Structure formats: structure tokens, C-alpha cells
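Chains as they are written, first to last, in the UniProt record's numbering: chain A, 1 to 297; chain B, 1 to 294. Each residue gets a CB set at the ideal place from its N, CA and C atoms; glycine is no exception. The model shown is predicted, which means the values in this text are computed figures rather than measured ones.
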Amino acid sequence: MSTIRANANSASLGSPESSHYLRKVKFGSILTFIFLVVAAAFTLFPIYMGLLNSLKTEGEMLNNILAWPKTFQFSNYRDAFNKINFLQSLWNTGVVVIVGLAGIIIFASMAGYKLSRTSGKLSSVLFSLFVMSMLVPFHSVMITLNKIAKVLSLQGSTIGLGLIYIGLGVSMAIFLYHGFVKSVPRELDEAAVIDGCGEVRLFFKIIFPLLLPITATIAILNALWMWNDFLLPLLMLTDSDHYTLLLSTNMLFGQYGNNDWSAILASLILAMLPVIILYLLLQKYILNGVVDGAVKG
Amino acid sequence: MIHQGRKKIISLLAFVFPALLCYVVFFLAPAFGGVWYSLTDWNGLNPNYSFVGLANYVEVFKQDPVFWDSLWFTLKFVIFMVILQNALAILLAVFIESKGRSKVWFRTIFFMPNMISMIIGGFMWMFIFTKVLPYIAEHTFLTFIDQSWIGDPAYSFFSILIVSLWGGVGYLMVIYIAALQGVPKTLKEAAEIDGASGVQVFKNVTLPMIFPALTIGLFVTLNNSFKVFDAVFSLTGGGPGRATQVIALNIYEEAFSMTSRYGYASAKAMILFLVVFIITMIQLRIMKKREVEA
Chain A
1 MSTIRANANS ASLGSPESSH YLRKVKFGSI LTFIFLVVAA AFTLFPIYMG
51 LLNSLKTEGE MLNNILAWPK TFQFSNYRDA FNKINFLQSL WNTGVVVIVG
101 LAGIIIFASM AGYKLSRTSG KLSSVLFSLF VMSMLVPFHS VMITLNKIAK
151 VLSLQGSTIG LGLIYIGLGV SMAIFLYHGF VKSVPRELDE AAVIDGCGEV
201 RLFFKIIFPL LLPITATIAI LNALWMWNDF LLPLLMLTDS DHYTLLLSTN
251 MLFGQYGNND WSAILASLIL AMLPVIILYL LLQKYILNGV VDGAVKG
Chain B
1 MIHQGRKKII SLLAFVFPAL LCYVVFFLAP AFGGVWYSLT DWNGLNPNYS
51 FVGLANYVEV FKQDPVFWDS LWFTLKFVIF MVILQNALAI LLAVFIESKG
101 RSKVWFRTIF FMPNMISMII GGFMWMFIFT KVLPYIAEHT FLTFIDQSWI
151 GDPAYSFFSI LIVSLWGGVG YLMVIYIAAL QGVPKTLKEA AEIDGASGVQ
201 VFKNVTLPMI FPALTIGLFV TLNNSFKVFD AVFSLTGGGP GRATQVIALN
251 IYEEAFSMTS RYGYASAKAM ILFLVVFIIT MIQLRIMKKR EVEA
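1. Using the rule of at least 16 other Cβ atoms within 10 Å of the residue's Cβ for burial, across every protein chain shown, is residue 160 of chain B buried or exposed?
2. In the region 73 to 94 of chain A, which residues sit with their C-beta less than 9 Å from some C-beta in chain B, listed in chain order?
3. List, in chain order, every chain A residue whose beta-carbon is nearer than 9 Å to that of residue 33 of chain B.
4. Identify the residues that DSSP records as bridge partners of residue 51 of chain B: which are they?
5. Is the region 66 to 79 of chain B close to the region 221 to 230 of chain B, with three or more CB pairs under 8 Å?
6. Can you name the start and end residues of the alpha helix (DSSP H) that residue 178 of chain A belongs to?
7. Could you list which residues in chain A have their beta carbon closer than 7 Å to that of residue 108 of chain B, in chain order?
8. How about the region 231 to 250 of chain B and the region 199 to 207 of chain B: do they share at least three Cβ pairs that are nearer than 8 Å?
9. Please classify residue 178 of chain A as buried or exposed, where buried requires at least 16 other C-beta atoms within 10 Å of its C-beta.
10. Rounded to a whole number of angstroms, what is the C-alpha to C-alpha distance between residue 95 of chain B and residue 221 of chain A?
11. In chain A, which residues lie less than 8 Å from residue 98 of chain B when you measure between Cβ atoms?
12. Between residue 58 of chain A and residue 260 of chain A, is the Cβ-Cβ spacing less than 9 Å?
13. Can you give me the Cβ contacts of residue 257 of chain B inside the same chain, cut-off strictly under 8 Å, excluding the 5 residues immediately before and after it?
14. For residue 183 of chain B, which three-state DSSP category applies?
15. How long is the line joining the alpha carbons of residue 107 of chain B and residue 90 of chain A, rounded to whole angstroms?
16. Helix, strand or coil: which one does DSSP assign to residue 237 of chain A?
17. Please state the DSSP three-state secondary structure of residue 286 of chain A.
18. Buried or exposed for residue 261 of chain B, please, with buried defined as at least 16 other CB atoms from any protein chain shown within 10 angstroms of its CB.
19. Listing by chain order, which chain B residues have their CB less than 8 Å from the CB of residue 111 of chain A?
20. Please state whether DSSP places residue 116 of chain B in a helix, a strand or coil.
21. Can you tell me whether DSSP reads residue 266 of chain B as helix, strand or coil?
22. Less than 9 Å between the C-beta atoms of residue 242 of chain B and residue 69 of chain B, yes or no?
23. Can you name the residues of chain B whose CB is closer than 8 Å to the CB of residue 44 of chain A?
24. Taking 9 Å as the CB-CB cut-off, is residue 287 of chain B touching chain A?
25. Taking a cut of 9 Å between CB atoms, which residues from the region 225 to 247 of chain B lie near chain A?
26. Alpha carbon to alpha carbon, how far is residue 24 of chain B from residue 74 of chain A? Give it in angstroms, no decimals.
27. When Cβ atoms are compared, which residues of the region 197 to 228 of chain A fall closer than 8 Å to chain B?
28. Residues of the region 261 to 275 of chain A with a CB closer than 8 Å to any CB of chain B: list them in chain order, please.
29. Measuring only the C-alpha atoms, how far is residue 28 of chain B from residue 45 of chain A?
30. Using a beta-carbon distance cut-off of less than 8 Å, what residues from the region 253 to 273 of chain B approach chain A?
31. Excluding sequence positions up to five away, which residues of its chain have a Cβ less than 8 Å from the Cβ of residue 152 of chain A?
32. Cβ of residue 259 of chain A less than 9 Å from any chain B Cβ?
33. Mark residue 46 of chain B as exposed unless 16 or more other C-beta atoms lie within 10 angstroms of its C-beta, in which case mark it buried.
34. Taking 9 Å as the threshold (C-beta atoms), are residue 218 of chain A and residue 293 of chain A in contact?
35. Would you call the CB atoms of residue 242 of chain A and residue 156 of chain A closer than 9 Å?
36. Counting only the same chain and skipping the five closest in sequence on each side, list residues whose C-beta sits under 8 Å from that of residue 1 of chain B.
Given below as C-alpha cells:
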């Protein structure tokens, strides 16, 4: 190994073939850089175009779609803000995500911990029962789910929608918690029990805080899923007062068709704004969470 | 001893109960209910319905060309997505990995569409397809981009593909970057010193090392592409006509729009489940075998 290193070092110091090699490396690196810049421009293009034209009048937009706006038409945003009932829709989306997230995290961490700590047939049967569902596509359950929601009068309610997300989301969360709990030493449980700590207190006071890394991953993955999910809210939320941001935006589109683009673009930008801001702030955690979730899931 | 065992079971059930309750009510019951209703002529409203055996399945197979068109369309979409999305994601990941300082920037940008719902993404791309591209075609030499990207079946397939790639490639790229970071640098260096070209190093060193990530990548793409709904719903609505109707949309319309045939739609949903299940199982089996060899 050391001789190879030495050879490599001496080769990079001056021989003609190494300078040729370096030039090739540099040229390739410039090419990849150009490719990445073009791909990044392509990625940002729709967002940029949306932002740009949401600040123009409809006439100005049709006149020169690529140009910088002459005067910023913030009135488009004021109109969109009212049309999609922004604050109400944001609140509705928030209620769904918070109810769903709280339920998934608390219920799944309890179940995942206990299933991981308990050996025996019942425990492994329950665990497989949960994990099994990760292979079933949502479309195979949505029809009957819609009926059950009606029967339980959960249809039309944001809290009801949050509850349904708990049922659909616990599986993956239990799977992730189940794996993670193995890294928490059993001695902690035993010591706490000897000290006379009850099981519930043991879990919430001692174990749960230790699960924080995987809880963060689960929170990120599930919040993203619930925030961006469209089909389930479309089935469950029936009146516009309870619409999430996506539903309000979709409805706006239904009303105007492709006609009033500057107003529509403003509402699209508004609807994506919260999640983009959050992403730019928490970029590192979100990307790590996605990787952890994918690799373990 | 027996007493202790019972205590253990009670404590297990107490911890699992809240999750289990939500899971049974909102997932297991609908899943098994779906199997049952697929054997009935239920319309979702009428409390009276009758058991029809496999009649729904027979009808799907014999008299529903629309379903088979949508399955074929979805399958085509899945094949394109599996190849293009993973190839692009690996390419981006390899390129980004080789960059030092600008790495974070590129990663942030390429993942960004993933944060945006495909409903919103679809609407934004509709603006690009119907307004921006025609404008560019009119004012530059790029006249060939002036196509009816949404109105013409031949092009609407590609517009859905473009939007889905735009929305999904960043997710896989992040996973591949993480996998690449796990490849020991010394291995690549050793291969380079032995005179291997960049492509050779990638093929013989890097690719085998990131094979487990490839298993995940293919699994994710297969699963998501079979279930594609949002992008189609917002971009083309399944049209023109039914040219871009994917299976998920076909099931949705069968159940929730005018026909309201819950039982029949359930049968279609079961077929979708079986198709996805069988194909992903085959994929996992093949990939896992390869992983061991690598």
C-alpha cells in the first residue's frame, strides 16, 4: 500500500503523462459542473417562471412571459390569499398534520418499544401484522376507508383526517422504532424497574427521550407525506371551510380553468411557500431524515 | 410464573393498543373490507347489496378495455420511470459527490421539488407547457418545443414523465449520495492508480458497492410509479379523452365519480395490489441475490 502511495505521489509531481491526466480530470470536472448547473436551472425553471409571472398583470404576462415584471403586482397575492382562504387552509393543514404526527409518534413509539422488548409469539405476530401493511397500496383500502369514515362521521373533519393518517402511518413508524429500540440498553429498563418506576413512567421519562433521533426522522417523513398528500383529503374533506391548502388550490383551478394564470400562479406560490421556507431552514435535518427513513424502511 | 406471563401480555397489549386500534379501524378493516366488497355489487350507498362471487373480476378481464389500457399505460410509465429516474439520480449523485464546496447547493436545489406536492408541481408545469414553451418557440429558433404537450396523447405521456422525474429524482439522488459516501475512498484510488478509467472505476468499484441502495431505489420507483395519481390528476386529468388515465385514476373514477361502483372498483384495486406485489417481490428477490454476489 505504501509503495503504491509513493508511486502515485511521484507520478503526480512532474511526468508528462500525469499532467495530461490532471488536465483530463480538470476538463471532466468543468463538464460535470456545467451539467449540474444546467440541471439545476431546469429544476428551478418552473418555480422561477411561476414566481416571475405571479407578479405581472395577465396582459403583461402574455406579452412577454420571460421578462422581469415592470411593476410588481402584489395585488395578485392579495387576491390569491383571499381566494384560497390562505389562513384558514393553512390552519386546516396544520391541524391535520399535528393530529396525525402526534398520534403516530406517541402510539408508534409505545408499540415499537414494547414489541421490540417483548419476546414471544404474540409479540412477533403483532409486529408482522403491522409490517405487512407496508406492501398494500393506498388505493386498495381507500374505497372501504371512505365508507368507514362516513359511518364514524369523520368525513369532513380535519381532526378525523388526522386520525386516519395515524392508522395509515403507524406501520412504518413502528418498524423504525422497533429497529431503533434495540440500540437502547435493556439495563436502563431494569434499573428503573428496580428503583420502583412504573412502566408508563419508565417509557415516557427515560426511554422516549432516548428515541429522539429516530423520532425526528419519523416526524420529518410523516409531516412531508401528510402535508403533500392530496387523494385522501380529496376523499375526506367535503366542505371548503375544512379544505387543506392543496384542496383550496385545486378548487381555485377548477373555477378558473387555465384562464387567470397570474392569480393561479400566485396561489401556487403561496401554497408551496410554507414548506419551502421550512426546507431551507431545516435542509440538513430533512435530507438526513429522508436518508435514514429510506435505508431502514 | 403463569401470573407473570399474563402480566407481560397485559402490559404488551396496553402499549400496543392505541396504535393497533387506529391501525385496525383505518387500515386492516378497509383492506379486508375491500377484499369482501370486491365480491359484491355494492354501490357505496345502498345498504342492500348482493354477493356476486368473482363476477367483478371476470368483468374486468373480459369487458373492460379501459382498465387494460390504463394498466398498459401505467406499465409503460413504470418502465420509463424505473430506468430514467434511477439513471438520472445516480448520475447526479456521482457528479455532486465529486464536487467539494458547491455540493450542498446542488443537493438542496435538486431535492427541492420533492418538498412540493405533485398537485402543485403539475399545475406549475401545465403553465410551462401551455404558456411558456409556446412563447419561447415563437420568439426563438427552438420551434420544435411548440407541441401540444397536454392535448396530444403522444406528448402527454412525456409531459407526465417529465413532471414525475422533476418531482422524484431528488429523493433517490439523496439516497445514492448517502450510499456513495459509504464507499471507501482508498478503493477508488487504488483502482485509479492501477490505471482504471473513471467509467471503469464506477462500473467495477462504485456500482457494486452501492448495490443495496440500488435495491431500495428500484423498489421505491416501482412502488411509487405504479401508484402515480397526483401528477396526472393536475396535469392532464387523465386526458385527452382517456389517453393518460393511469390505474389509480381509473379506480378513483370508477368508485367516486358517476358510476359509483364500489364493489367493481374494489376488484380493480385488488388487481392493482396483486400486480404491484408480484412485481416488487420479483424485483427484491432478483436484487437481493445479486447483492450477495457483489
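Taking the definition as stated:
1. Locating residue 160 of chain B in the second sequence gives position 160, counting from the first residue. With 16 or more other Cβ atoms within 10 Å, it is buried.
2. none
3. Indexing the second sequence from 1 puts residue 33 of chain B at position 33. Those within 9 Å of residue 33 of chain B in chain A are 141, 143, 144, 145, 147, 148.
4. On the second sequence, residue 51 of chain B is found 51 positions in, with the first residue counted as 1. According to DSSP, which records beta bridges pairwise, residue 51 of chain B is partnered with B/40.
5. yes
6. Locating residue 178 of chain A in the first sequence gives position 178, where the first residue counts as 1. Taken as a continuous stretch (DSSP letters only), the alpha helix (DSSP H) holding residue 178 of chain A covers 158 to 181.
7. Position 108 of the second sequence, counted from the first residue, corresponds to residue 108 of chain B. In chain order: 283.
8. no
9. By 1-based counting over the first sequence, the position of residue 178 of chain A is 178. Residue 178 of chain A comes out buried.
10. To locate residue 95 of chain B, count along the second sequence from 1; it is residue 95. To locate residue 221 of chain A, count along the first sequence from 1; it is residue 221. In a straight line, the C-alpha of residue 95 of chain B is about 26 Å away from that of residue 221 of chain A.
11. Here residue 98 of chain B corresponds to residue number 98 of the second sequence, with the count starting at 1. Chain A residues near residue 98 of chain B: 29, 32.
12. The residue you call residue 58 of chain A lines up with position 58 of the first sequence. The residue you call residue 260 of chain A lines up with position 260 of the first sequence. Yes, Cβ-Cβ distance for residue 58 of chain A and residue 260 of chain A is below 9 Å.
13. As a working note, residue 257 of chain B is residue 257 in the second sequence. Cβ neighbours of residue 257 of chain B beyond the five flanking positions: none.
14. Position 183 of the second sequence, counted from the start, is the residue given in the question as residue 183 of chain B. Coil, per DSSP.
15. On the second sequence, position 107 is the one that residue 107 of chain B refers to. On the first sequence, position 90 is the one that residue 90 of chain A refers to. Each residue's Cα considered, the two are about 28 Å apart.
16. What you label residue 237 of chain A is simply residue 237 of the first sequence in a count that begins at 1. Coil, per DSSP.
17. Here residue 286 of chain A is taken as the residue at index 286 of the first sequence, counted from 1. Correct three-state label for residue 286 of chain A: helix.
18. The residue labelled residue 261 of chain B in the question sits at position 261 within the second sequence. Flag for residue 261 of chain B reads buried.
19. Counting from one through the first sequence, the residue named residue 111 of chain A turns up at place 111. Near residue 111 of chain A (Cβ distances below 8 Å), the residues of chain B are 15, 16, 18, 19, 20.
20. As a first step, residue 116 of chain B must be located in the second sequence, where it is residue number 116. In the structure shown, residue 116 of chain B sits in coil (DSSP, three-state: anything other than H, G, I, E or B).
21. The count along the second sequence starts at 1 and reaches residue 266 of chain B at position 266. If DSSP states are grouped into helix, strand and coil, residue 266 of chain B belongs with the helices.
22. The sequence position of residue 242 of chain B within the second sequence is 242, counting from 1. The sequence position of residue 69 of chain B within the second sequence is 69, counting from 1. It is a contact, given that the beta carbons lie within the stated cut-off.
23. By one-based count along the first sequence, residue 44 of chain A stands at place 44. What residue 44 of chain A touches in chain B: 109, 112.
24. Along the second sequence, read from residue 1 onward, the residue named residue 287 of chain B stands at position 287. Answer no: the Cβ-Cβ gap between residue 287 of chain B and chain A never drops below 9 Å.
25. 226, 227, 229, 230, 233, 234, 247
26. Locating residue 74 of chain A in the first sequence gives position 74, counting from the first residue. Locating residue 24 of chain B in the second sequence gives position 24, counting from the first residue. Looking at the two C-alpha atoms, the distance is approximately 48 Å.
27. 199, 203, 224, 227, 228
28. 261, 264, 265, 268, 271, 272, 275
29. Within the second sequence, the letter at position 28 stands for residue 28 of chain B. Within the first sequence, the letter at position 45 stands for residue 45 of chain A. Going by the C-alpha atoms only, they are around 43 Å apart.
30. 255, 256, 262, 265, 266, 269, 270, 272, 273
31. Along the first sequence, one-based indexing puts residue 152 of chain A at 152. Excluding positions up to five away in sequence, the list reads 160.
32. Sequence index remark: in the first sequence, residue 259 of chain A carries index 259 (1-based). No - not a single Cβ of chain B is within 9 Å of the one on residue 259 of chain A.
33. Residue numbering aside, residue 46 of chain B sits at position 46 when the second sequence is read from its first letter. Burial call: exposed.
34. In the first sequence, the residue the question calls residue 293 of chain A occupies position 293. In the first sequence, the residue the question calls residue 218 of chain A occupies position 218. Yes.
35. Here residue 242 of chain A refers to the residue found at position 242 of the first sequence. Here residue 156 of chain A refers to the residue found at position 156 of the first sequence. Yes, they are a contact pair.
36. For the purposes of this step, residue 1 of chain B is identified with residue 1 of the second sequence, where counting begins at 1. The pLDDT assigned to residue 1 of chain B is 47, lower than 50, so where the model puts this residue is not dependable, and the model offers no usable value.
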